[in-house]
Amino acid sequence: MAYWLMKSEPDELSIEGLGRLGEARWDGVRNYQARNFLRAMNVGDEFFFYHSSCPQPGIAGIARIIRAAYPDPTALDPQSHYYDAKATADKNPWSAVDVAHVQTLPRVLELGRLKQQSGLAELPLVQKGSRLSVMPVTPEQWAVIVALR
DNA sequence: GCCAACGTTGGC
DNA sequence: GCCAACGTTGGC
């Protein structure tokens, strides 16, 4: 089983929102590197749910992959914010996965705190200038973060 | 293939 | 709202 971290703006989908829904489609990823990581995910993989572009950026919970990558329908929907005019049903370059809520953390693990952990220096999240929204997390990094809860 | 211009991300 | 950093686009 692999570990990941994925960013979401809580206004779009928060860990609390996922908790209410139980399950959700993780769509709208429009970066090739992030998409490739989505495609590498397997059912059962777990990921840290990160809240970005909000008053308290940080890891807010844990969730699980329940469906492996499939064509992202929002790319074909002209009404969608994530519509891609160049995508077609036959050639849709974008992928989505389905996820399920596992755990909402009692307190958000704030970005500033994560940056202080020496064991996380290699994590793209804490690196200057990194905007990657889907990234792998090593078992060692996972353990460091889980211990902060 | 280079690179300037532009759009986006995301913390602050 | 600001702005640094990054990714993408498109002319040449």
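If you're matching positions, the first sequence starts at 1 in full-length UniProt numbering and goes up one per residue.
A virtual CB, placed ideally from N, CA and C, is assigned to each residue, including glycine.
In the displayed model, Trp4 falls within a strand according to three-state DSSP. Burial is judged here by how many other beta carbons sit within 10 angstroms of a residue's own beta carbon; Arg35 has at least 16 and is buried. Sequence-distant Cβ neighbours of Asp72 in its own chain, meaning closer than 6 Å and more than five residues away, are Asp27, Trp94, Ser95 and Ala96. According to the DSSP secondary-structure assignment, Gly58 is paired through a beta bridge with His51 and Glu110.
With a beta-carbon spacing of about 7 Å, Leu109 and Ile145 fall inside the 8 Å limit used to define contacts.
Residue environment analysis places Ala63 among the buried positions, since at least 16 neighbouring C-beta atoms fall within 10 angstroms of its C-beta. Sequence-distant Cβ neighbours of Pro124 in its own chain, meaning closer than 7 Å and more than five residues away, are Ser130, Leu132 and Met135.
For the 8 Å CB-CB criterion, Ala100 and Ala87 do not form a contact. Between Met1 and Glu23, the alpha-carbon positions lie close to 20 Å from each other. Comparing C-alpha distances from Glu12 to each of Asp84, Cys54, Ala40 and Phe47 shows the shortest one belongs to Cys54. The C-beta of Gln141 has 16 or more other C-beta atoms within 10 Å across all chains shown, which makes the residue buried.
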